[in-house]
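Same order as they appear, the protein sequences are chains A and B.
For the first sequence, the numbering used here gives the first residue as 1, with consecutive numbering after it.
For the second sequence, the numbering used here gives the first residue as 231, with consecutive numbering after it.
Okay, so here's the structure we're looking at.
2 protein chains.
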Amino acid sequence: MDAINATDRLPTRGHAAKRVSILEAGARVFCREGYAGANIDMIAAEASVSRQTVYNHYGDKDKLFAAVVTEITQRCNARSFEVLATFPDHPENLEKELVAFAVRLTQNCLCDEDGKYLRKLIQSEGERHPQLFASWRTDGPGKVWSALAARFARLAYAGHLDLDNPDIAARQFLALVNTELQIPALFGEKLGSNRLQETAACAVKTFLRAYGRKRSENEEISSGDRALRA
Amino acid sequence: MDAINATDRLPTRGHAAKRVSILEAGARVFCREGYAGANIDMIAAEASVSRQTVYNHYGDKDKLFAAVVTEITQRCNARSFEVLATFPDHPENLEKELVAFAVRLTQNCLCDEDGKYLRKLIQSEGERHPQLFASWRTDGPGKVWSALAARFARLAYAGHLDLDNPDIAARQFLALVNTELQIPALFGEKLGSNRLQETAACAVKTFLRAYGRKRSENEEISSGDRALRA
DNA sequence: GACAAATTAGACAAGACTGTCCAAAAATAT
DNA sequence: ATATTTTTGGACAGTCTTGTCTAATTTGTC
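Structure representation (structure tokens):
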């Protein structure tokens, strides 16, 4: 009855380590083979555990899958908010700090193992088990978006940005940061961190071209405005 | 040996109609259930055809899957270039025409059935069958990107845009247009065409804020800027 | 109408997977 | 050291799926 909820106790070493071992093997195998393609023997083998132990811990394939999904979801969400906490609220060099933030975001949330797993699992099973991923939709992207939007709004209020709709800006920021990641991600390819840096730099540059502060209070008229007057 | 290559003859009505019927049922079922989860009986039933006919036409499950993938890929690529041909090369109202173009792109290539199928199939099976999707990578996104980049470069040369790197601009344009589509697409949800229009409008507005011609020699403030209410 | 090709339904063997049961072995706690 | 819990390996029935085969039926062609 509480076999599944036993995850609240920390996975110590010798004891319930098998539990997490199974969970992680499950994530890998479900992700690699899809739900239907994965089989318990594979997962047991990859977790270095007997098949029976898998059944002892998680009951059946469906429950194991559900456990895997909620685990990965929680990890991903937690990490997203960790990174979000490093947002440059008081930037000295906005562009540079935004690029660093974008890199952290992609490295820790979008391009890491968990991120890849979650993406694949949602894509392949989301339509069949919408309730399983409901919490991801609301607690994951939903909250990240609005949190990020709030940060951008604050930057705008402080005069660092010029934007009319922080929510749209936040989503577009994420979209731009993701630009180059889509295709390789589909094939499970890893991007070197230099390439990742590049992409983030391009994304932020474009973002700031669109939403960067038009002018500061004590700045002289920009060259563009001079051209307009002429 | 040439069972698969028989697709070169046109699927007439009474004759080889079953062929395409199977192919389309295959696309639906493979997409819905994943490769491992799909079974021939399902596909046969959904194609209103006996199981044996499926085997007669396509040999086995693997070959059927390959046929489905190449078919969908070709359809998607073809449609992409159709839409690309409607790019506003000589725009009178650049913003408006770019929005319309973006809407065409999303409706016909990204959000339609084939687009959804291809996305799911690549995501779930791309890692396992990289060679199957190799042609998609090179002939699909690869060529669309560079074609789009060429269009943007021409617009820049004609003074309608101000960009330093057309390739990056093209990818970012696509990323922006995709902004809102990602999440619903993962769950197979359809976006109303009004919502689609909105998203495209936001994307293009941002794109032009970043890459729009700084200003014309003889132009007053654009209506678009005015609509951007306080 | 007759002939050839395609389609159908059904049975079939072979293999894979799930989930259960059980008794021996190992690990853990007292 | 002993008692308790967990893990293990293997066997097992039941189910599902693939791919083949066959004979009968339908379809399209001449």
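All residues carry an ideal CB built from backbone N, CA and C; glycine is no exception.
Contact between the segment 336-348 of chain B and the segment 398-413 of chain B is present, with at least three C-beta pairs closer than 8 Å. Residues are counted here when their Cβ sits less than 7 Å from a Cβ of chain B; for the segment 49-83 of chain A the count is zero. A Cβ-Cβ separation of about 15 Å leaves Ile273(B) out of contact with Ile302(B) under the 8 Å criterion.
According to the DSSP secondary-structure assignment, Leu391(B) is paired through a beta bridge with Gly442(B).
Between Ala66(A) and Ala440(B), the C-beta gap is not smaller than 9 Å, which leaves the two residues out of contact. At a C-beta separation below 9 Å, Cys202(A) has these neighbours in chain B: Asn395, Ile398, Arg401 and Gln402. Any Cβ of chain B closer than 9 Å to the Cβ of Tyr157(A) would place that residue at the interface, and such an atom is absent. Out of Val298(B), Ala315(B), Ala277(B) and Leu416(B), the CA that lies nearest to the CA of Pro130(A) is found in Leu416(B).
Thr316(B) carries a coil assignment under DSSP once its states are collapsed to helix, strand and coil. Apart from sequence neighbours up to five positions away, the residues of its chain that approach Gly370(B) with a beta-carbon distance below 8 Å are Thr303, Cys306, Asn307 and Ser310, ordered along the chain.
Thr283(B) and Leu314(B) have their C-alpha atoms some 38 Å from each other.
In summary, the residues of the segment 411-428 of chain B whose CB is separated from some CB of chain A by less than 7 Å are Ile413, Leu416, Phe417 and Gly418, in the order they occur in the chain. Going by DSSP, Thr283(B) is part of the alpha helix (DSSP H) stretching over Arg281 to Tyr288.
Looking from the CA of Ala100(A), the closest CA among Asp114(A), Ser48(A) and Cys202(A) belongs to Cys202(A). Annotated as distal: Leu174(A) and Leu98(A), with beta-carbon spacing of 9 Å or more.
In the structure shown, Asp167(A) falls within a helical segment according to DSSP collapsed to helix, strand and coil. Per DSSP, the unbroken alpha helix (DSSP H) holding Lys346(B) starts and ends at Glu343 to Glu355.
For a cut-off of 8 Å, the C-beta gap from Ala149(A) to Asp162(A) is around 15 Å, too long to register as a contact. Excluding residues up to 5 positions away in sequence, Ala38, Phe65, Val68 and Leu121 lie with their Cβ nearer than 7 Å to the Cβ of Phe30(A) in the same chain.
About 12 Å separates the Cβ atoms of Gly142(A) and Phe133(A), ruling out a contact at the 8 Å cut-off. The Cβ atoms of Gly26(A) and Ala47(A) sit closer than 9 Å to each other. In the assembly as shown, Glu33(A) is a buried residue. Its beta-carbon has 16 or more other beta-carbons within 10 Å. Rounded to whole angstroms, Gly212(A) and His160(A) show a C-alpha spacing of 7 Å. Linking Asn165(A) to Phe87(A) through their CA atoms gives a straight-line distance of about 19 Å. In summary, Asp41(A) is exposed, with fewer than 16 beta-carbon neighbours lying within 10 Å of its beta-carbon over all protein chains present.
Taking Glu312(B) as reference, the option from Leu348(B), Ala377(B) and Lys291(B) with the minimal CA-CA separation is Ala377(B). In its chain, beyond the 5 residues on either side, Thr303 have a beta carbon closer than 6 Å to the beta carbon of Trp366(B). Distance between Tyr157(A) and Thr429(B), taken at the CA atoms: about 25 Å. Following the DSSP letters along the chain, one finds Gly37(A) inside the alpha helix (DSSP H) bounded by residues Ala17 to Gly37.
In its chain, beyond the 5 residues on either side, Ile40 have a beta carbon closer than 7 Å to the beta carbon of Lys61(A).
Shown here for Tyr347(B): same chain residues with a beta carbon closer than 6 Å to its own, the five before and five after excluded, namely Ala257, Cys261 and Ile302 in chain order. Note on Gly345(B): 16 or more other CB atoms within 10 angstroms of its CB, so buried under the neighbour-count rule. Gln182(A): member of the alpha helix (DSSP H) spanning Gln182 to Leu186, first to last residue. Here Glu189(A) carries a coil assignment [DSSP, helix/strand/coil].
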